[in-house]
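Student: For the record, the sequence lines run as chains A and B.
With the numbering used here applied, the first sequence closes on residue 523, and no number is skipped along the way.
With the numbering used here applied, the second sequence closes on residue 558, and no number is skipped along the way.
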Amino acid sequence: MKPFALVIFFIVHLCRFKTTEVTLSKKYHKLTEIQTALQAGKLTCVGLVENYLENIHKHLKLNAYVEVFEEEILAKAKALDLKIQENPTKLGKLYGMVVSIKDVICYKDHQVSGAAEILEGFTSLYSSTAVSRLLKEDALIIGRVNCDQFGMGSTNENSVYGPVLNPIDPNRVPGGSSGGSAVAVQTDSCLISLGTDTGGSVRQPAAFCGVIGLKPTYGRISRHGLLAYASSFDQIGILGKEVENIASALEVIAGSDEYDQTASLEPVEAYKEALHFDKKVKIAYLDAALTHKGLDPAIKTMTLELMEGLKSDGHEVEAVDFEYLDFLIPSYYVLTAAEASSNLSRYDGIKFGKRSEDVQSFDQMVKKSRTKGFSEEVKRRIMLGTFVLRSGYYDAYYTKAQKARRLIHDKTLEILEKFDFILMPVSPSVAFELGEKPNDPVAMYLADIYTVQANLVGIPAIALPLGNHPEGLPVGVQFMANKFEESALLAFSNYLIYQHLKAKC
Amino acid sequence: MADSNSDLEIVIGLEVHVQLSTKSKAFCQDEVAFGGTPNTRISPISLGHPGTLPQPNALQMEYAIKLGLALGCQINQKSFFDRKNYFYADLPKGYQITQDNTPICGQGIISIEMGKEEKSIRINRIHMEEDAGKSIHDQDPLHSLIDLNRAGTPLLEVVTEPDFRSAEEVAVFLNKLRQLVRYLAISDGNMEEGSMRCDCNISIRKKGETTYGNRCEVKNVNSIRNAKRAINFEANRQIELIQKGITIDQETRSFNAQTGDTLTILRSKEDAHDYRYFPDPDIPPIIISDERLAAIKASMPKLPQALKKALIAKGLSPYDAEVITSEKALADYYFSMLSFSKNPKSAANWLTNTIKSYLNEAQIGIEEFSISPKTMVAMIQLVDEDKINKLSATQKLFPALIKKPEIAPLDLATQMNLLQANDTNAMDEWVEIVLAKYPDKVDAYRKGKKGLLGMFIGEAMKISKGKANPKQLNSAFLARLAD
């Protein structure tokens with residue numbers, strides 16, 4: 019019966035989709051289908067957008083969107099419909115793709131706040147490279163979505179707009195920090211969403227909400243126009259329900275950029291064209307990760323079952339040693355906090371953003387603006403980062419964490435020389451209950467154990483829906499690949515969750 | 076000033092900020108220029124807007140390497156940018172991008188001339204950084220105003236070892252550094268516009284000691300003259316304290332150009348900022364390939380010392396060579412003259428005497444001098460070819476040419492009737508007039524008073540209104556009086 023574990027998981031997955039109501043956006047899950055329908059006149063961009071807007075309004079209580087560009091997107095959809103009729107050869111690659119963006123990504127003449135009070139009312143003077151490239155290919159941006167403040171948090175409760183709720187169980191969090199993105203995708207309130215992933219912020223909410231979340235290689239997508247949390251970790255990620263859509267968006271937004279020196283010059287592959295998958299792969303899993311005492315037993319069982327399923331399909335799945343598991347979280351939090359403490363220094367209320375009045379001096383103005391403008395969690399990380407960079411402590415924390423990062427990096431790449439992918443859980447548990455984590459920051463940090471490795475190393479990683487936990491909540495599984503191996507990772511993911519399923523259904 | 080008989084000596088080290096004359100800022104495309112309407116040379120990047128990232132300016136690296144080569148520094152082909160974190164109203168990002176542990180240029184050495192003595196000054200490092208904006212506190216009673224035009228301007232910081240022993244040595248070094256940056260065309264070197272700013276670390280110790288005393292850093296020194304004033308004031312202050320048996324506290328002081336004294340702005344190490352330096356994760360390591368380094372080396376202009384030697388080899392006096400190479404613009408003008416002239420010595424003579432005196436008198440630089448090198452050479456040629464005599468050239472033609480530099484010197488001399496009459500008829504006529512006018516003097520000459528020849532020539536010159544060629548007159552009188 020083991021060979022069928024994989025099949026069962028996908029049937030469960032499919033059934034969940036079948037139980038929700040069928041709407042226009044349900045009918046068209048893939049960009050290719052949308053584009054075919056648009057070309058055939060069976061669908062209009064306006065109709066498509068109205069359907070997403072309807073879903074947004076239906077799920078307002080989940081608090082996923084902080085702003086919907088309703089009028090603007092309807093006007094743009096109308097113009098696009100005209101272009102489809104009159105100028106079909108001039109259409110961009112992504113026409114018909116409706117995208118939401120996390121509220122840390124800049125879009126010219128639109129507000130961006132990082133879900134923080136200190137940027138209340140701030141309008142960006144320019145568009146991020148990712149947004150510019152989407153727009154150039156005729157994608158439509160429908161609104162900005164909620165998140166943890168400046169991307170710091172794993173629950174999406176750390177937002178000036180209030181918490182986002184999990185659509186599967188509104189008493190639970192959707193995960194974070196890209197919680198709004200995951201919920202927007204899950205509720206068909208957009209086709210894909212741009213999130214950001216510094217330590218799992220795309221993959222963990224994707225897993226908590228049962229959607230797909232890709233964090234590309236560090237430097238694959240320009241960070242220009244992304245509000246920096248930790249510069250050497252931050253990476254824009256894409257959430258969606260179909261690998262194909264994620265691949266289409268990735269090949270548009272990835273690539274070098276004169277505005278970001280850390281954006282890679284590595285050529286961008288045609289990811290969508292390369293989704294065909296028919297080989298046998300070698301998959302490693304970290305023994306220590308699966309035997310970790312914090313891992314929920316049901317998630318462990320589901321993961322093991324998947325591994326058996328993969329073996330039955332002829333893939334090699336092998337345990338490998340990884341002695342640095344316990345160093346992942348400390349290294350990650352020391353380094354990201356250090357970078358954050360410096361990156362967030364620009365928010366002082368002087369040149370932009372919200373300034374506290376009633377002050378007598380410069381020092382007072384900065385202190386008051388920042389005390390009021392940042393959440394407790396953000397302040398905690400600024401304090402931590404300031405501490406680890408202090409002279410006298412620098413070597414004990416920052417330098418040591420850099421050394422650990424180097425070891426983790428080298429060891430991980432060593433594994434990926436012998437294996438195509440590393441398999442990992444996404445999170446040790448299912449979605450937390452609302453209010454469960456914020457009072458226990460260390461417990462919240464520890465829950466990032468499976469996702470921070472990809473950011474410490476800079477490799478691509480994807481979270482895929484593994485199925486439902488006995489409690490009824492979604493569980494994800496994660497695959498990591500070598501740097502710039504997005505193409506292989508996406509093809510394998512597509513095989514796992516779509517082609518394989520379709521073949522056996 | 077420290078008493079030269081005293082057993083104490085002054086020890087000075089410098090940190091000089093050189094503002095580079097690149098077109099754009101260190102990490103974005105904003106224009107770099109002095110002054111301007113406040114907050115007009117800015118962009119989301121220089122304002123530190125959310126999501127912006129630095130775009131390093133390759134020219135800053137090239138300029139840093141050029142100065143490093145000129146100061147004999149080791150060039151670090153791999154270096155990093157770091158962040159120096161502190162809050163200030165005119166520091167948009169809340170950190171300055173600079174280089175902490177890995178400056179682009181390492182140790183170097185440069186010699187300065189103190190009279191006839193040469194003295195070596197060791198360079199500790201040269202690193203790249205960006206400037207902050209300006210806070211203006213005196214224009215509004217209730218508010219401080221911020222001008223961010225300067226924010227992000229590329230700077231080099233040259234750090235010397237504490238090798239200076241007097242304010243005069245510092246002045247000579249700063250002059251030399253200014254001369255170098257101008258030769259390299261990497262900065263205008265104007266201290267009063269802030270293109271070169273200097274922090275002086277000053278301490279006092281007993282002569283012969285090998286350790287240093289506690290030092291005070293004097294900031295805000297914006298001219299060579301003020302550097303001397305600041306050092307002398309601060310040295311005297313410290314010496315007085317030491318002589319009273321009071322220990323010097325390490326502190327940062329600010330120089331007040333109006334009063335000439337220095338004031339404490341930051342006391343002791345304990346109060347000092349902890350800048351929390353760490354490598355800037357937004358900028359990959361700066362790698363200078365062997366090829367690029369070789370190309371920069373090949374593009375180095377001749378520096379004043381080498382140039383001076385070359386000029387002496389052409390036959391110029393050491394004095395002329397020194398004057399000409401003292402300023403790059405003068406040297407440029409001279410070499411431009413040479414491209415039209417076959418007589419380097421007379422070109423040098425004119426430049427260091429007539430032209431230089433005029434520039435000094437008019438208080439302008441050679442850049443503002445109206446006569447082009449080509450025209451200047453044409454004028455000098457008129458003298459060299461005896462078409463006009465030197466006196467008329469310097470006193471009449473040169474001043475006229477300054478006002479009308481567009482007219483060819485020969486035409487102007489013709490218009491002004493300054494061309495020498497070289498025909499013998501006219502010459503003979505002038506000689507006869509003079510001899511007829513002074514029969515007694517002719518007698519006296521013939522009886523042996525040969526010194527009168529000069530007077531005859533002078534008279535003939537007057538009659539000719541300066542057009543006569545004195546050399547020809549000389550021979551004409553000699554021939555006529557020998558009869």
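Just so you know, even glycine gets a beta-carbon here, dropped at the ideal spot from N, CA and C.
So, do the segment 309–316 of chain A and the segment 393–409 of chain A have three or more beta carbon pairs nearer to each other than 8 Å?
Tutor: No, the segment 309–316 of chain A does not touch the segment 393–409 of chain A.
Student: Looking only at its own chain, which residues have a Cβ that is under 7 Å from the Cβ of A/V182, when we skip the five neighbours before and after it?
Tutor: Position 164 of the first sequence, counted from the start, is the residue given in the question as residue 182 of chain A. Counting only Cβ-Cβ distances below 7 Å, and skipping sequence neighbours, we find L80, N81, A82, N164, N174, P192, G197, G198, V201.
Student: Comparing C-alpha positions only, which one of A/V338, A/E85, A/T321 sits nearest to A/T430?
Tutor: As a first step, residue 430 of chain A must be located in the first sequence, where it is residue number 412. Looking at the Cα atoms, A/V338 is the closest of the given residues.
Student: Taking the alpha-carbon positions, what's the A/Y289 to A/S505 distance?
Tutor: By one-based count along the first sequence, residue 289 of chain A stands at place 271. By one-based count along the first sequence, residue 505 of chain A stands at place 487. Taking the straight line joining both Cα atoms gives about 5 Å.
Student: Shorter than 8 Å from the beta carbon of A/Q378 to some beta carbon of chain B?
Tutor: Sequence index remark: in the first sequence, residue 378 of chain A carries index 360 (1-based). So, not an interface residue.
Student: Measure from the alpha carbon of B/G390 to the alpha carbon of each residue in B/K417, B/N307, B/A164, B/G126, then state which is nearest.
Tutor: Counted from its first residue, the second sequence places residue 390 of chain B at position 315. Per the Cα distances, B/K417.
Student: Let me confirm a value: A/Q253 is counted as buried when at least 16 other C-beta atoms fall within 10 Å, else exposed. Which label applies?
Tutor: Within the first sequence, numbered from 1, the residue matching residue 253 of chain A stands at position 235. Burial call: buried.
Student: Per the contact definition of three or more C-beta pairs closer than 8 Å, is the segment 320–333 of chain A in contact with the segment 313–329 of chain B?
Tutor: Short answer: they don't touch.
Student: Would you verify that the beta carbon of B/K209 is, or is not, closer than 8 Å to some beta carbon of chain A?
Tutor: Numbered from its first residue, the second sequence carries residue 209 of chain B at position 134. With 8 Å as the cut-off, B/K209 does not count as an interface residue toward chain A.
Student: Round the Cβ separation of B/N132 and B/P229 to the nearest angstrom and send it over; I've been treating them as touching at under 8 Å.
Tutor: Within the second sequence, numbered from 1, the residue matching residue 132 of chain B stands at position 57. Within the second sequence, numbered from 1, the residue matching residue 229 of chain B stands at position 154. B/N132 to B/P229, Cβ: 6 Å. Contact.
Student: Which residues in the same chain have their Cβ closer than 8 Å to the Cβ of B/G123, if we skip the five residues on either side of it in sequence?
Tutor: As a first step, residue 123 of chain B is located in the second sequence; it is residue number 48 there, counting from the start. Here the set comprises P167, K168, G169.
Student: Note down, in chain order, each residue of its chain lying with its Cβ closer than 6 Å to the Cβ of A/A248, except the 5 sequence neighbours on either side.
Tutor: Position 230 of the first sequence holds residue 248 of chain A. The answer, listed in chain order, is T216, T354, E357, A358.
Student: Grouping DSSP H, G and I as helix and E and B as strand, with all else coil, what is B/L89?
Tutor: Mapped onto the second sequence, residue 89 of chain B falls at position 14. The answer is strand: DSSP assigns B/L89 an E or B state.
Student: Nearest chain D C-beta to B/G126 closer than 8 Å, yes or no?
Tutor: No chain D is part of this structure, whose protein chains are labelled A and B.
Student: Between A/T62 and A/E260, what straight-line distance do the alpha-carbon atoms span, to the nearest angstrom?
Tutor: Numbered from its first residue, the first sequence carries residue 62 of chain A at position 44. Numbered from its first residue, the first sequence carries residue 260 of chain A at position 242. About 21 Å.
Student: B/T285: buried (16+ other C-beta within 10 angstroms of its C-beta) or exposed?
Tutor: Along the second sequence, one-based indexing puts residue 285 of chain B at 210. It is exposed - the Cβ of B/T285 has fewer than 16 other Cβ atoms within 10 Å.
Student: Using a threshold of 8 Å, state whether the C-beta atoms of A/S207 and A/N105 are closer than that.
Tutor: Counted from its first residue, the first sequence places residue 207 of chain A at position 189. Counted from its first residue, the first sequence places residue 105 of chain A at position 87. For A/S207 and A/N105, no; Cβs fall outside 8 Å.
Student: Is it buried or exposed for B/D82, if we count other Cβ within 10 angstroms and need 16 for buried?
Tutor: Taking the second sequence and counting its residues from 1, one reaches residue 82 of chain B at position 7. Looking at its Cβ environment, which holds fewer than 16 other Cβ atoms inside 10 Å, B/D82 is exposed.
Student: Rounding to the nearest angstrom, what Cα-Cα distance links A/K101 and B/K141 in this structure?
Tutor: In the first sequence, residue 101 of chain A corresponds to position 83, counting from 1. In the second sequence, residue 141 of chain B corresponds to position 66, counting from 1. For A/K101 and B/K141, the distance between alpha carbons rounds to 55 Å.
Student: Taking the DSSP output, what are the residues bridged to B/C180?
Tutor: Working through the second sequence from its first residue, we reach residue 180 of chain B at position 105. B/C180 is bridged to B/I150, B/I201.
Student: Residues in the same chain with beta-carbon distance under 8 Å from A/E39, minus the five sequence neighbours each way, listed in chain order, please.
Tutor: Looking up residue 39 of chain A in the first sequence gives position 21. Confidence at A/E39 is low in this model, with a pLDDT of 39, below 50, so its placement is unreliable and no value can be given for it.
Student: Would you kindly work out how many angstroms separate the C-alpha atoms of A/Q496 and A/F345, rounded to a whole number?
Tutor: Within the first sequence, the letter at position 478 stands for residue 496 of chain A. Within the first sequence, the letter at position 327 stands for residue 345 of chain A. Straight-line Cα distance between these residues: approximately 20 Å.
Student: Quick one: which chain A residues come within Cβ less than 7 Å of B/A164?
Tutor: Here residue 164 of chain B refers to the residue found at position 89 of the second sequence. What B/A164 touches in chain A: I368, F380.
Student: Answer yes or no: does any C-beta atom of chain B fall closer than 8 Å to that of A/D278?
Tutor: Here the question's residue 278 of chain A lines up with position 260 in the first sequence. For A/D278, the answer is yes, since a Cβ of chain B falls inside 8 Å of its Cβ.
Student: My understanding is that B/V509 touches B/A535, with C-beta atoms under 8 Å, so please give their C-beta distance in whole angstroms.
Tutor: Start at 1 with the first residue of the second sequence, and residue 509 of chain B comes out as number 434. Start at 1 with the first residue of the second sequence, and residue 535 of chain B comes out as number 460. At roughly 5 Å, the Cβ-Cβ gap stays under 8 Å, so B/V509 and B/A535 are in contact.
Student: In chain order, what residues of the same chain lie with their CB nearer than 6 Å to the CB of A/K300, ignoring the 5 residues before and after it?
Tutor: For the purposes of this step, residue 300 of chain A is identified with residue 282 of the first sequence, where counting begins at 1. These residues qualify, in order along the chain: E334, F437, D438.
Student: Taking the straight line between their C-alpha atoms, what separation do you get for B/N114 and B/K209?
Tutor: Within the second sequence, the letter at position 39 stands for residue 114 of chain B. Within the second sequence, the letter at position 134 stands for residue 209 of chain B. C-alpha separation (whole angstroms): 10 Å.
Student: B/N224: buried (16+ other C-beta within 10 angstroms of its C-beta) or exposed?
Tutor: Taking the second sequence and counting its residues from 1, the one referred to as residue 224 of chain B is at position 149. Result: buried.
Student: Which partner residues does A/M11 have in the DSSP bridge list?
Tutor: In this structure chain A extends from 19 to 523, so residue 11 of chain A is not present and cannot be described.
Student: Any residues in the segment 135–167 of chain B with a beta carbon nearer than 7 Å to a beta carbon of chain A? Which ones, in chain order?
Tutor: Within the segment 135–167 of chain B, the qualifying residues are R158, N160, F162, A164, P167.
Student: I believe A/V117 touches A/I160 by the beta-carbon criterion, under 8 Å. Please report the beta-carbon distance rounded to the nearest angstrom.
Tutor: Position 99 of the first sequence, counted from the start, is the residue given in the question as residue 117 of chain A. Position 142 of the first sequence, counted from the start, is the residue given in the question as residue 160 of chain A. The Cβ separation is near 7 Å, so the contact holds.
Student: Any beta carbon of chain B sitting closer than 8 Å to that of A/L491?
Tutor: In the first sequence, the residue the question calls residue 491 of chain A occupies position 473. No, its Cβ sits nowhere closer than 8 Å to a Cβ of chain B.
Student: Going by other Cβ atoms of all chains shown within 10 Å of its Cβ, with 16 needed for buried, is A/V460 buried or exposed?
Tutor: Along the first sequence, read from residue 1 onward, the residue named residue 460 of chain A stands at position 442. Exposed.
Student: Sorted by chain position, which residues of the same chain lie with C-beta nearer than 6 Å to A/G312's C-beta, five sequence neighbours on each side aside?
Tutor: By one-based count along the first sequence, residue 312 of chain A stands at place 294. So the list reads P446, once near-sequence residues are dropped.
Student: So, helix, strand or coil for A/L212, using DSSP?
Tutor: Walking along the first sequence from the start, residue 212 of chain A turns up at place 194. In the structure shown, A/L212 sits in a strand (DSSP, three-state: E or B).
Student: Tell me the DSSP secondary structure of A/L98 in three-state form.
Tutor: Position 80 of the first sequence, counted from the start, is the residue given in the question as residue 98 of chain A. It is helical.
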